[in-house]
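Protein chains in written order, with full-length UniProt numbering: chain C, 1 to 396; chain F, 1 to 324.
C-beta atoms are modelled at their ideal positions from N, C-alpha and C, and glycine is treated no differently.
Because the structure is a prediction, the values reported are computed rather than measured.
Step one of this worksheet: look at the structure below.
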Amino acid sequence: MSPDPTSTDQVRTDQFGPDLVEVFGPSQQDGGPDLVQLLTPEGERVHHPDFDMDFSAEQLRGFYRDMVLTRRIDTEATALQRHGELGIWAQLLGQEAAQIGAGRALRPQDYVFPTYREHGVAWCRGIDPLDLLGLFRGVDHGRWDPAEKNFGQYTIVIGAQVLHATGYAMGMQRDGVVGTGEPDRDAAVIAHFGDGASSQGDVNEGFIFAASYNAPVVFFCQNNQWAISEPIERQTRIPLYQRALGFGFPGVRVDGNDVLATYAVTQAALQRAREGQGPTLIEAYTYRMGAHTTTDDPTRYRLSADVEHWKLKDPIARVEAYLKRNGLVEGGFLESVQQEANELGHHLREGCKSLPDPDPRGIFDLVYDEMPEELTQQRDEFIAYHASFSEEGASA
Amino acid sequence: MKITLAKGLNMGLRKAMEDDPKVLIMGEDVGTLGGVFRITDGLQKDFGEDRVIDSPLAESGIVGTAVGMAMRGYRPVVEIQFDGFVYPAYDQIVCQVAKIHFRSKGKTKMPMVIRIPFGGGIGAVEHHSESPEAQFAHTPGLKVVACSNPVDGYWMLQQAIASDDPVIFLEPKRQYHADKAELDESVLPAPLFTSRVVKSGTDLTLLSYGPTVKTCLKAADAAASEGRSLEVIDLRTLSPLDMGPVLESVRRTGRAVVVHEAHVNLGMGSEIASRITEQCFFSLEAPVLRVGGFDTPYPPSRIEEDYLPDLDRVLDAVDRSFEF
Numbered sequence: 001m002s003p004d005p006t007s008t009d010q011v012r013t014d015q016f017g018p019d020l021v022e023v024f025g026p027s028q029q030d031g032g033p034d035l036v037q038l039l040t041p042e043g044e045r046v047h048h049p050d051f052d053m054d055f056s057a058e059q060l061r062g063f064y065r066d067m068v069l070t071r072r073i074d075t076e077a078t079a080l081q082r083h084g085e086l087g088i089w090a091q092l093l094g095q096e097a098a099q100i101g102a103g104r105a106l107r108p109q110d111y112v113f114p115t116y117r118e119h120g121v122a123w124c125r126g127i128d129p130l131d132l133l134g135l136f137r138g139v140d141h142g143r144w145d146p147a148e149k150n151f152g153q154y155t156i157v158i159g160a161q162v163l164h165a166t167g168y169a170m171g172m173q174r175d176g177v178v179g180t181g182e183p184d185r186d187a188a189v190i191a192h193f194g195d196g197a198s199s200q201g202d203v204n205e206g207f208i209f210a211a212s213y214n215a216p217v218v219f220f221c222q223n224n225q226w227a228i229s230e231p232i233e234r235q236t237r238i239p240l241y242q243r244a245l246g247f248g249f250p251g252v253r254v255d256g257n258d259v260l261a262t263y264a265v266t267q268a269a270l271q272r273a274r275e276g277q278g279p280t281l282i283e284a285y286t287y288r289m290g291a292h293t294t295t296d297d298p299t300r301y302r303l304s305a306d307v308e309h310w311k312l313k314d315p316i317a318r319v320e321a322y323l324k325r326n327g328l329v330e331g332g333f334l335e336s337v338q339q340e341a342n343e344l345g346h347h348l349r350e351g352c353k354s355l356p357d358p359d360p361r362g363i364f365d366l367v368y369d370e371m372p373e374e375l376t377q378q379r380d381e382f383i384a385y386h387a388s389f390s391e392e393g394a395s396a
Numbered sequence: 001m002k003i004t005l006a007k008g009l010n011m012g013l014r015k016a017m018e019d020d021p022k023v024l025i026m027g028e029d030v031g032t033l034g035g036v037f038r039i040t041d042g043l044q045k046d047f048g049e050d051r052v053i054d055s056p057l058a059e060s061g062i063v064g065t066a067v068g069m070a071m072r073g074y075r076p077v078v079e080i081q082f083d084g085f086v087y088p089a090y091d092q093i094v095c096q097v098a099k100i101h102f103r104s105k106g107k108t109k110m111p112m113v114i115r116i117p118f119g120g121g122i123g124a125v126e127h128h129s130e131s132p133e134a135q136f137a138h139t140p141g142l143k144v145v146a147c148s149n150p151v152d153g154y155w156m157l158q159q160a161i162a163s164d165d166p167v168i169f170l171e172p173k174r175q176y177h178a179d180k181a182e183l184d185e186s187v188l189p190a191p192l193f194t195s196r197v198v199k200s201g202t203d204l205t206l207l208s209y210g211p212t213v214k215t216c217l218k219a220a221d222a223a224a225s226e227g228r229s230l231e232v233i234d235l236r237t238l239s240p241l242d243m244g245p246v247l248e249s250v251r252r253t254g255r256a257v258v259v260h261e262a263h264v265n266l267g268m269g270s271e272i273a274s275r276i277t278e279q280c281f282f283s284l285e286a287p288v289l290r291v292g293g294f295d296t297p298y299p300p301s302r303i304e305e306d307y308l309p310d311l312d313r314v315l316d317a318v319d320r321s322f323e324f
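The following block contains the structure:
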């Protein structure tokens, strides 16, 4: 009797390759051999065969300033939450390089779809950080005009905005602003999301649509290792950037704590998209030094040794080290940035407390473009009901 | 010209696309196939692949990318292939489509139409015969309409596309190819968000929308032979509800029966009965009665006729109303 080729004893498990968990173990903290890096944690410039570029002293000082001010936005907002001025705050501590590198790679005509943590990218888009606080204070859902700043509303539902970004990019294609060869005209979209969002259907559907239509969108995943308390091992068995291959576009892992590398990689991906070459997935390998939000307690689920390990990779310290070593901080540069940060802190402290509560009558006004009569009626009843209290007060 | 509902919708889409180059169609199989019900037949051929977009098989992806298109200034018309397949897109519809205008303080408009062939009676397998309208009508920020005949299909779809608010557009799939009606384009349509008396009567008001309007008209004919005069109102708009003609009618007849295919519990009938009770209490001769699908999943199609409100169940409810 000849052996049955389909019988189970003929199946060799090693045909399926090595155990992926061994390839991508939970203890890996250096980002692995594929990590694109241009500035080491010690502040030394290194070179990369594909993504190397030259930076002017002015650019480097600009990155430093952006990161220090972004960190100040974060620490100030965290303090405001502790003082009861904000209901909640989503911290970005440790992710400054990922956001500033990505944010500064944008051109004015590009469009950003953020999560609720992109305070550094918002800074790069010229949004007053005070305008970010309204959502967290509960007075509005974000005060900036998305169309004016080319920076969408913060999106709370995880991953939903990745589809919006893809659709917006498809709109750009139809508007003829992709692949024209005119630098001021060609545009792209960047969609931000986290490692947790990579598990969402919408993110994966976004990848499929973008690949299908070759949409000019850069998927920028900040892998900060934690989705609240769920570790990256709960989201994936392979490095996230490798997923791109399965969708049919390039993926790259960049040191998310290295602002130079993040800038270089994002700029290349955006340029690729603007030229009409389609989507790219960037995995910015970083670490969330703070909590998920101010309601979270990371000491319950992660080791302090990990946090200490990542402190050594601080994105600001390494640029500062580089600037000092190369004599780029003369003329009181560091002090002037510190002074600016203090002023920004003051602006946020004072401004936050004076953010006005919205007029309750406004609840009704902007639900629809054209307000239905039944809602007008509810509003009128509400106004009359409230007015009845002041009339009672006046007559008493 | 005599047209079917399917033809009316197809003509309405074509007219909207001719009138406004920002109108796009997106969905599964809407291009070369013309949609599984052929509602988009011939449109890709005439308007191209950039405007009639055959999409991957992913409902959340279709609606979510349409949100992005709308943000970029387009007016996407999305086709959900069947009612029961809208649920994967439910999050995008109720959390994003419905709320973006409010969230952005009106700065970002969401002029999107989500077309859903809905209801049963076509002998389909499960998930192909559902009536999810109450789930969307319960969501502030969405407008929900249902057409019941070819002429309304032609006009209401164009009006929905012209609206700057997102509209869930329900199409009674068992009527697509059922009856023909005369379309006279010189007769201008009623506003989109209005209900309409489609048959006058004096003794009881039948309220319905979509596929069961036809059932109610048949019931009115049958009741007439028994000497009862039933008024039939096609609600047409479910959110907002246009209660004006309804209240006026019920104050006159003193009796109302609401008919729909969806589950009765917490369905549109509950809201309508509640509003009638609040506003016409002293005119009522009987409680407002509801006829609908049972509070069960949609059954296997061999027994769907027992589930769907038919002529006899409507007439039975009419009899019960007169027993008070």
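key: Rounded C-alpha distance that separates C:SER229 from F:ILE272   = Start at 1 with the first residue of the first sequence, and residue 229 of chain C comes out as number 229. Start at 1 with the first residue of the second sequence, and residue 272 of chain F comes out as number 272. So the alpha carbons of these two residues sit roughly 46 Å apart.
task = Please list, in chain order, all residues of the same chain as C:LEU375 whose beta carbon is under 8 Å from its beta carbon, the five residues on each side excluded.
result = Reading the first sequence from its first residue, position 375 is the one you call residue 375 of chain C. Taking C-beta separations shorter than 8 Å and ignoring five residues to either side along the sequence, the partners of C:LEU375 in its chain run PHE364, VAL367 and TYR368, following chain order.
query = Quick one: what's got a C-beta closer than 6 Å to F:SER208's C-beta in the same chain, skipping five residues either side?
reply = Indexing the second sequence from 1 puts residue 208 of chain F at position 208. Excluding sequence neighbours, F:SER208 sits near CYS216 and VAL259.
query = If you scan the segment 237-276 of chain F from start to end, which runs of the alpha helix (DSSP H) of 4 or more residues do you find wholly inside it?
reply = 244-253
query = Is any beta-carbon of chain C found at less than 7 Å from that of F:PRO166?
reply = Within the second sequence, numbered from 1, the residue matching residue 166 of chain F stands at position 166. Chain C, which has no Cβ nearer than 7 Å to the Cβ of F:PRO166, makes this no.
task = Using a threshold of 7 Å, state whether the C-beta atoms of F:ASP164 and F:ARG196 are closer than that.
result = For the purposes of this step, residue 164 of chain F is identified with residue 164 of the second sequence, where counting begins at 1. For the purposes of this step, residue 196 of chain F is identified with residue 196 of the second sequence, where counting begins at 1. Not in contact: F:ASP164 and F:ARG196 (Cβ atoms no closer than 7 Å).
Alpha-carbon spacing of F:LEU183 relative to F:VAL151, whole angstroms = What you label residue 183 of chain F is simply residue 183 of the second sequence in a count that begins at 1. What you label residue 151 of chain F is simply residue 151 of the second sequence in a count that begins at 1. Roughly 6 Å separates the two Cα atoms.
request  = Specify whether the segment 232-245 of chain C and the segment 305-313 of chain C touch according to this definition: at least 3 beta carbon pairs, one from each stretch, less than 8 Å apart.
outcome  = Taking 8 Å as the limit for Cβ pairs, the verdict is that the segment 305-313 of chain C does not touch the segment 232-245 of chain C.
ask   = Using 7 Å as the limit for Cβ to Cβ distance, is F:ARG14 near chain C?
value = As a position in the second sequence, residue 14 of chain F is number 14, starting the count at 1. By this cut-off, F:ARG14 is not an interface position.
ask   = Do C:PHE193 and C:THR115 have their CB atoms nearer than 7 Å?
value = Along the first sequence, read from residue 1 onward, the residue named residue 193 of chain C stands at position 193. Along the first sequence, read from residue 1 onward, the residue named residue 115 of chain C stands at position 115. Yes, the Cβ-Cβ distance between C:PHE193 and C:THR115 is below 7 Å.
key: Straight-line gap, F:LYS15 to C:LEU348 (C-alpha atoms, nearest Å)   = Locating residue 15 of chain F in the second sequence gives position 15, where the first residue counts as 1. Locating residue 348 of chain C in the first sequence gives position 348, where the first residue counts as 1. C-alpha separation (whole angstroms): 52 Å.
inquiry  = Cβ closer than 8 Å: which chain C residues qualify as neighbours of F:LYS107?
reply    = Taking the second sequence and counting its residues from 1, the one referred to as residue 107 of chain F is at position 107. Chain C residues near F:LYS107: ASP145, PRO146 and ALA147.
inquiry  = Quick check: C:ASP66 and C:ILE88, are their CB atoms within less than 7 Å of each other?
reply    = Residue mapping note: residue 66 of chain C aligns to position 66 of the first sequence, counting from 1. Residue mapping note: residue 88 of chain C aligns to position 88 of the first sequence, counting from 1. No. Outside cutoff.
ask   = Any C-beta of chain F sitting closer than 7 Å to the C-beta of C:VAL157?
value = Along the first sequence, one-based indexing puts residue 157 of chain C at 157. Yes, C:VAL157 lies at the interface with chain F (some Cβ there is under 7 Å from its Cβ).
Residue from C:THR236, C:LEU281, C:ILE158 and C:SER354 whose Cα sits closest to the Cα of C:VAL252 = Along the first sequence, one-based indexing puts residue 252 of chain C at 252. When each option's Cα is compared against that of C:VAL252, the closest is C:LEU281.
key: Expected contact under 8 Å - CB spacing of F:VAL67 and F:GLN96 to nearest Å   = Mapped onto the second sequence, residue 67 of chain F falls at position 67. Mapped onto the second sequence, residue 96 of chain F falls at position 96. Contact flag correct, Cβ pair sits at about 5 Å.
task = Give every residue of the same chain whose Cβ lies closer than 6 Å to the Cβ of C:ARG125, excluding the five residues on either side of it in the sequence, and list them in chain order.
result = In the first sequence, residue 125 of chain C corresponds to position 125, counting from 1. Excluding sequence neighbours, C:ARG125 sits near LYS149 and PHE151.
query = What residues from the segment 75-86 of chain C come within 8 Å of chain F, judged by C-beta to C-beta, listed N to C?
reply = none
task = With DSSP as the reference, please indicate the residues paired to C:GLN222 in a beta bridge.
result = Mapped onto the first sequence, residue 222 of chain C falls at position 222. According to DSSP, C:GLN222 bridges with C:GLY194 and C:ALA284.
request  = Identify each residue in the segment 84-109 of chain F for which the Cβ-Cβ distance to at least one residue of chain C is less than 7 Å, and report them in chain order.
outcome  = ASP91, GLN92, CYS95, GLN96, HIS101, PHE102, ARG103, SER104, LYS105, GLY106, LYS107, THR108 and LYS109
query = Is F:ASP46 near F:VAL36, with beta carbons less than 7 Å apart?
reply = Within the second sequence, residue 46 of chain F is the residue found at index 46, counting from 1. Within the second sequence, residue 36 of chain F is the residue found at index 36, counting from 1. Going by C-beta atoms, F:ASP46 is not nearer than 7 Å to F:VAL36.
ask   = Shorter than 7 Å from the beta carbon of C:GLU283 to some beta carbon of chain F?
value = Numbered from 1 along the first sequence, position 283 holds the residue referred to as residue 283 of chain C. Chain F, which has no Cβ nearer than 7 Å to the Cβ of C:GLU283, makes this no.
query = If the cut is a Cβ gap below 8 Å, which residues of chain C does F:LYS193 touch?
reply = The residue you call residue 193 of chain F lines up with position 193 of the second sequence. For the record, residue 193 of chain F in the displayed sequence is Phe; it is not Lys. Those within 8 Å of F:PHE193 in chain C are PRO372.
request  = At 4 residues or longer, and completely inside the segment 22-65 of chain C: list those alpha helix (DSSP H) runs for me, N to C.
outcome  = none
ask   = Which one or two residues does DSSP pair with F:PRO172 in a beta bridge?
value = Within the second sequence, residue 172 of chain F is the residue found at index 172, counting from 1. Answer by DSSP bridge pairing, in chain order: F:PHE118.
task = Alpha carbon to alpha carbon, how far is C:GLY345 from C:VAL23? Give it in angstroms, no decimals.
result = As a position in the first sequence, residue 23 of chain C is number 23, starting the count at 1. As a position in the first sequence, residue 345 of chain C is number 345, starting the count at 1. Its pLDDT being 49, under 50, C:VAL23 is placed unreliably by the model, and the measurement read from it follows with that caveat. Computed Cα separation, rounded: 44 Å.
task = Give the DSSP-derived three-state secondary structure of residue 402 of chain F in the structure shown.
result = Within the shown structure, residues of chain F are numbered from 1 to 324, placing residue 402 of chain F beyond reach of any answer.
ask   = When we look at the beta-carbon of C:ILE383 and count the other beta-carbons within 10 Å, is it buried (16 or more) or exposed?
value = The residue you call residue 383 of chain C lines up with position 383 of the first sequence. So C:ILE383 counts as exposed.
Inter-stretch contact (C-beta, 8 Å, three-pair minimum) for the segment 161-173 of chain C and the segment 206-221 of chain C = Yes: the two stretches touch, three or more of their Cβ pairs being nearer than 8 Å.
query = Does any residue of chain C bring its CB to less than 7 Å from the CB of F:VAL52?
reply = Numbered from 1 along the second sequence, position 52 holds the residue referred to as residue 52 of chain F. Not one chain C Cβ lies under 7 Å of F:VAL52.
request  = Using three-state DSSP, classify C:GLY84 as helix, strand or coil.
outcome  = Here residue 84 of chain C is taken as the residue at index 84 of the first sequence, counted from 1. C:GLY84: coil per DSSP, three-state reduction.
query = Are three or more beta carbon pairs between the segment 93-111 of chain F and the segment 155-170 of chain F nearer than 8 Å?
reply = In this structure the segment 93-111 of chain F lies against the segment 155-170 of chain F, because at least three pairs of beta carbons, one per stretch, are closer than 8 Å.
query = According to the neighbour-count rule (16 or more other Cβ atoms, all chains shown, within 10 Å of its Cβ), is C:GLY223 buried or exposed?
reply = Translated into positions along the first sequence, residue 223 of chain C becomes position 223. The question names Gly, but residue 223 of chain C in the sequence shown is Asn. C:ASN223 is buried by the Cβ-count criterion.
message = Count Cβ pairs between the segment 181-199 of chain C and the segment 130-145 of chain C that sit closer than 8 Å; are there 3 or more?
response = no
task = Please list, in chain order, all residues of the same chain as C:GLY134 whose beta carbon is under 8 Å from its beta carbon, the five residues on each side excluded.
result = As a first step, residue 134 of chain C is located in the first sequence; it is residue number 134 there, counting from the start. Contacts found: ASP140, HIS141, GLY142, ARG143 and LEU355.
Beta-carbon contacts of C:GLN200 that lie in its chain and below 6 Å, excluding the five residues immediately before and after = Indexing the first sequence from 1 puts residue 200 of chain C at position 200. Same-chain partners within the cutoff: ILE158 and GLY159.
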